[in-house]
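Chemist: Can you keep this structure in mind? I'll have questions shortly.
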Amino acid sequence: MRVRREFRELCSGWGTLRLIEDAFDAEGFVPGPEPEEWEVSGMRRRLFDSYADVIDWQNREQVDRAMRVFEEVWSWGEGVEAEYRERELAKMLRLLDKDGYTIDDRGRIRPARLPRLAELPLEHLDDPASIEEHLGRLDPDDPPLAISSAKSLIEATCKKVLEALGEEYEERAEVPQLVKSVQMALKAHPETIAPTAKGKDTIVRVLASLSQVAIGVAELRNEYGTDHGRTRPSKGLGPRHAHLAVDAAHTYCRFLLQTLHDRLPEASQRPAP
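Structure representation (structure tokens):
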């Protein structure tokens, strides 16, 4: 409630009636009926309340849209005096934190604590920083970014595992090539399964499907990711698609890293080239 009141004041100070109306309309909100008696003064405050009062603040989808409205309101302050904006930012961060949100460096309002993924086993990698960086960007509330980061996580993990095994790869190799190279090196590719292995056909199908999961995430990035200079939002893309890409990438990378753990003693006994 305090966050809403603070953004109402920002609307009053930084916005216009047209800006406030456009911000809410852009997210599909409509104003409610005017009350017989207003609790606040000022046309801009009243317009804000006419929208905010009919939002279901227990509905995650509506709250997500409201946060995008608040992001737009926050952007109106980019031209105000720097010291004043810093004071407002400190106050807003404090209020948002109580509700589990924060404002990032790009002015986006995001959950302060992203859904936690089980930690990946990175202890056998010399420098896992690139993997950790992509893990930190797996934000399901930003589907294009999450999908792009999921693909980048797969790419970085493939390369780091190949490095740990002493295998060479082309720096600009595409995901399908990296996937085949790393699974071959780990002896976890359908082509590496012995014909006499118990359950061979089932294992081959599972490993082939696993490869396609990684490749599918990369293809999804090509369609919906942030890396291709898109000028319009991707229609039909929501948090459930982001969760799918994030979970798929995480599962694939965990399999590679756990298999590396099992294979590494064997790899360390290879003669030096």
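With this note's numbering, letter number 117 in the sequence shown gets 485, and the count goes up by one each step, no holes. Glycine included, every Cβ here is placed at the ideal spot set by N, Cα and C. Since the structure is predicted, the reported quantities are computational estimates derived from the model, not experimental observations.
Out of Met552, Asp465, Asp507 and Glu591, point me to the one whose CA is closest to Thr311's CA.
Modeler: Residue 311 falls outside the range modelled here, since the chain spans only 369 to 641, and no answer is possible.
Chemist: Can you tell me whether Gly597 is helix, strand or coil according to DSSP?
Modeler: As a first step, residue 597 is located in the sequence shown; it is residue number 229 there, counting from the start. Legend: pLDDT at Gly597 = 49, less than 50; position of this residue unreliable, value from coordinates given subsequently. It is coil, neither helix nor strand.
Chemist: When you compare each of Ala582, Thr564 and Ala610 to Leu546 by their alpha carbons, which one comes out closest?
Modeler: Counting from one through the sequence shown, the residue named residue 546 turns up at place 178. Nearest of Ala582, Thr564 and Ala610 to Leu546, Cα basis: Ala582.
Chemist: What are the complete alpha helix (DSSP H) segments, minimum 4 residues, inside the region 492-540?
Modeler: Listed in chain order, the complete alpha helix (DSSP H) runs (minimum 4 residues) inside the region 492-540 are 497-503 and 511-532.
Chemist: Look at the alpha carbon of Ala613 and the alpha carbon of Asp393, and state the distance between them as a whole number of angstroms.
Modeler: By one-based count along the sequence shown, residue 613 stands at place 245. By one-based count along the sequence shown, residue 393 stands at place 25. Between Ala613 and Asp393, the C-alpha separation is close to 30 Å.
Chemist: Find the nearest neighbour of Gln580 within the set Lys568, Leu632, Pro558 and His611, judged by alpha-carbon distance.
Modeler: Locating residue 580 in the sequence shown gives position 212, where the first residue counts as 1. Nearest of Lys568, Leu632, Pro558 and His611 to Gln580, Cα basis: Pro558.
Chemist: Excluding the 5 residues flanking Ser418 on each side, which residues of the same chain have their C-beta closer than 6 Å to its C-beta?
Modeler: Translated into the one-based positions of the sequence shown, residue 418 becomes position 50. Result list for Ser418: Pro399 and Gly400, in chain order.
Chemist: Taking Thr647 as part of the alpha helix (DSSP H), name the residues at either end of that continuous run.
Modeler: In the structure displayed, the chain extends from 369 to 641; residue 647 sits before or after that span and is not available.
Chemist: Among the residues of its own chain, which have a CB less than 7 Å from the CB of Ala524, if the five just before and after it don't count?
Modeler: The residue labelled residue 524 in the question sits at position 156 within the sequence shown. Answer for Ala524: Ser498, Ile499 and His502, listed in chain order.
Chemist: Mind checking which residues open and close the beta strand (DSSP E) that includes Pro403?
Modeler: For this step, residue 403 is matched to residue 35 along the sequence shown. Premise fails: Pro403 is in no beta strand (DSSP E) and is neither H nor E.
Chemist: What's the C-alpha gap between Arg505 and Leu575?
Modeler: Translated into positions along the sequence shown, residue 505 becomes position 137. Translated into positions along the sequence shown, residue 575 becomes position 207. The straight-line gap from Cα to Cα measures roughly 27 Å.
Chemist: Relative to the C-alpha of Ala391, which candidate in Asp467, Pro403, Arg412 and Trp406 has its C-alpha closest?
Modeler: Taking the sequence shown and counting its residues from 1, one reaches residue 391 at position 23. Among Asp467, Pro403, Arg412 and Trp406, the Cα nearest to that of Ala391 is on Arg412.
Chemist: Quick one: grab the DSSP three-state call for Pro558.
Modeler: Counting from 1 along the sequence shown, the entry for residue 558 is found at position 190. Looking at Pro558 - three-state DSSP - the assignment turns out to be helix.
Chemist: So Pro563 is in the alpha helix (DSSP H); what residue range does that whole segment cover?
Modeler: Here residue 563 refers to the residue found at position 195 when the sequence shown is read from its first residue. Run containing Pro563: none; DSSP gives neither H nor E here.
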